[in-house]
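So the structure is just underneath, and the comments pick up after that.
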Ligand SMILES: Cc1cc2nc3c(=O)[nH]c(=O)nc-3n(C[C@H](O)[C@H](O)[C@H](O)COP(=O)(O)OP(=O)(O)OC[C@H]3O[C@@H](n4cnc5c(N)ncnc54)[C@H](O)[C@@H]3O)c2cc1C
């Protein structure tokens, strides 16, 4: 079909499905949509319809709709980075940018990573469910599937080298009646095709060994062993610490605001803190990767943020060891989401989630009572039905809720490729779920692209290992006493729920990637991650931040930016 015919077909399908008449043009496999739609959902549907045609490689969706929020670039704040020069600059300090940093540090390259936030991993990565998905639910034949499949298998080695908590807890798919039992051999075949080690239909005795206390009507199931859970906050720091050992430079609070291209090649990246020269630019900017592509003059895809909310239960409520899936839950999946689930974490907190909702704002991290109720009423009955003798799920044991957006392209697939227009630009974009599971494979693919183009020499001093300092709560009595003797601050417990000592908080404040906010400390130490959610320890953490950073307490933030916690004194103390 020629471009004009293809554009007409897309336009016709959009009108038929949404009633919206948008303008469509197609060039080099890229469909561009412009015009006006009556709603966000119609504009998103239009993008999906265009992407649904096989000849369309990507979709640039410029359709306007009421409430549309443009991406606004932040103003320049200084020139301190001007004059710096690197071989590679990576834009984006999420799990993908960090994993790429580590892979590239295997080579003799001068590497820098820039991140717009005050801390790493604060967008998609911090708001994910920390699950290493099996490739089972990802569409075969897509790049997403390939990366999910390969990445999943790499985690044992990567997490081992980086000293990060990682457990293969498995997904237990259970049949609740004899009709559903008929589907189990299909699950076995699917798992086998994903290289799962020896999946088989388990009888009740087999199920009891894995997940005791299932309802009497559950007689058969299949364990998909490849499912894992990982300490995602630890992982972010681990990647960064490993990269630091290998010579990578990090620039936080630094936004990319422009890309300089000369003679078709990358020359420099303009940032809010000055212009950095580079020959290679890796676009790993997550929810803003389409903007970085546009800044480089290579706009060929658009992202549409899909928000996910999750609720978390107190550690006292641990009804499952595995990710538990029933057929009714799988059946409730939507077209573009795996549908969420009942997911334990490495730290022992159960999660219900995430939801999936198209939203206006890529930065939307607001939690809502509607989502809390939706998640609870969807998963609590499934859990209660599958495990009737366990304590009933109770809204009172929900300790917190979080939300974040997925960076979805209209093709709903990953983009990992060198730019077709600008030499030295590599796009690693549209890495939505299961991007965490896929991260080591995505990083390897990005590395291959760069190595093939530039042939860098190996870094003979590359150190693959990083050793973490254990949390005080993980130590035995003898180790604790030794630590307290060497530094008495370890003898002072600040967070009672998670048993976090002052020594750990001070270490986090002065770490290689220093923590400056209450949440950054929480991500590194778990202070404030427990039942009281910082109700008890937050004032103490504020005191420590103020003392160690030598700033007024009023200037300390919850999570960077202007998220100040204290507004002023309520009472003047007379001296
Ligand atoms: C609700 C939810 C649940 C999920 N659950 C899972 C799960 O259980 N398992 C799984 O495998 N995947 C999951 N995912 C997907 C996974 O989180 C992502 O695929 C992964 O984190 C993507 O990492 P990233 O580095 O590409 O993006 P991000 O983590 O978003 O990182 C991109 C970074 O780029 C920075 N940046 C953007 N623009 C600029 C700029 N101009 N200058 C400088 N820096 C910039 C951002 O600040 C950000 O830190 C989930 C995602 C969501 C939203």
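Numbering (the working numbering), first residue to last: 19 to 593. No residue lacks a Cβ here, since even glycine has one placed at the ideal position from N, Cα and C.
1. Can you list, in chain order, the stretches of the beta strand (DSSP E) that have 3 or more residues and sit fully within the segment 32-64?
2. Is any non-hydrogen atom of ligand 1 found closer than 7 Å to the C-beta of residue 149, if you look at the structure I gave you?
3. What is the DSSP secondary structure of residue 82, counted as helix, strand or coil?
4. Using a Cβ distance threshold of 8 Å, determine whether the segment 86-105 contacts the segment 289-305, with at least three qualifying pairs required.
5. Could you check what DSSP says for residue 509 in three-state terms: helix, strand or coil?
6. Contact between the segment 193-210 and the segment 238-248 is defined here as three or more beta-carbon pairs at a separation below 8 Å; is this criterion met?
7. Starting from the C-beta of residue 518, find all residues in its chain whose C-beta is less than 8 Å away, skip the five residues before and the five after it, and write them out in chain order.
8. Run through DSSP, which three-state label would residue 425 get?
9. Residue 222 by DSSP, collapsed to three states: which one?
10. Which class does residue 371 belong to by DSSP, given the choice of helix, strand or coil?
11. Decide if residue 442 is buried, meaning its Cβ has at least 16 other Cβ atoms within 10 Å, or exposed.
12. Could you work out which residue in 119, 390, 301 is closest to residue 317 when comparing CA atoms only?
13. On a Cα-Cα basis, can you pick out the residue from 346, 439, 334 that is closest to residue 281?
14. Can you tell me the Cβ-Cβ gap for residue 405 and residue 231, rounded? I've got them flagged as a contact below 8 Å.
15. Smallest Cα separation from residue 168: which of 77, 327, 452?
16. With a threshold of 8 Å between beta carbons, is residue 37 in contact with chain B?
17. The alpha helix (DSSP H) spanning residue 453 covers which residue range?
18. Given this structure, state the Cα-to-Cα distance separating residue 565 from residue 572, to the nearest angstrom.
19. Alpha carbon to alpha carbon, how far is residue 429 from residue 159? Give it in angstroms, no decimals.
20. Can you tell me whether residue 497 sits near ligand 1, meaning its C-beta is under 7 Å from at least one heavy atom of the ligand?
21. Just list the residues that DSSP pairs residue 556 with in beta bridges.
22. By the DSSP assignment, the alpha helix (DSSP H) with residue 260 in it spans what residues?
23. Quick check: the Cα distance between residue 140 and residue 112, rounded to an integer number of angstroms?
24. Check the C-beta distance from residue 303 over to residue 110 and give it rounded, since I have them as a contact under 8 Å.
25. What I want to know is whether the C-beta of residue 133 ends up closer than 7 Å to one or more non-hydrogen atoms of ligand 1.
26. Is it the case that the Cβ atoms of residue 416 and residue 329 are separated by a distance below 8 Å?
27. For ligand 1, is there a heavy atom less than 7 Å away from the beta-carbon of residue 449?
28. What first and last residue would you give for the alpha helix (DSSP H) that runs through residue 283?
29. Straight-line CA distance for residue 433 to residue 471?
30. Using 8 Å for Cβ pairs, my map puts residue 40 next to residue 32. What's the rounded Cβ distance?
31. Compute the distance between the beta-carbons of residue 114 and residue 444, then report whether it is under 8 Å.
32. Threshold first: 4 residues or longer. Then list the alpha helix (DSSP H) segments lying entirely within the segment 516-558, N to C.
33. Can you check which of these residues, 186, 108, 58, 506, is closest to residue 286 by C-alpha distance?
34. I need the DSSP call for residue 344, collapsed to helix, strand or coil.
35. Buried or exposed for residue 156, please, with buried defined as at least 16 other CB atoms from any protein chain shown within 10 angstroms of its CB.
36. Determine the extent of the alpha helix (DSSP H) in which residue 210 is found, giving its start and end residues.
The relevant details are as follows:
1. 41-45, 48-52
2. yes
3. strand
4. yes
5. helix
6. yes
7. 489, 490, 491, 511, 512, 543, 544, 545, 555
8. strand
9. helix
10. strand
11. buried
12. 301
13. 439
14. 5 Å
15. 452
16. Among the chains of the structure shown, chain B does not appear; only one protein chain is present.
17. 453-472
18. 12 Å
19. 13 Å
20. no
21. For residue 556, which the question treats as bridged, DSSP gives no partner whatsoever.
22. 250-263
23. 7 Å
24. 4 Å
25. yes
26. yes
27. yes
28. First-last for residue 283: 283-289, but that is the beta strand (DSSP E), not the alpha helix (DSSP H).
29. 18 Å
30. 6 Å
31. no
32. 520-527, 536-543
33. 108
34. strand
35. buried
36. 202-211
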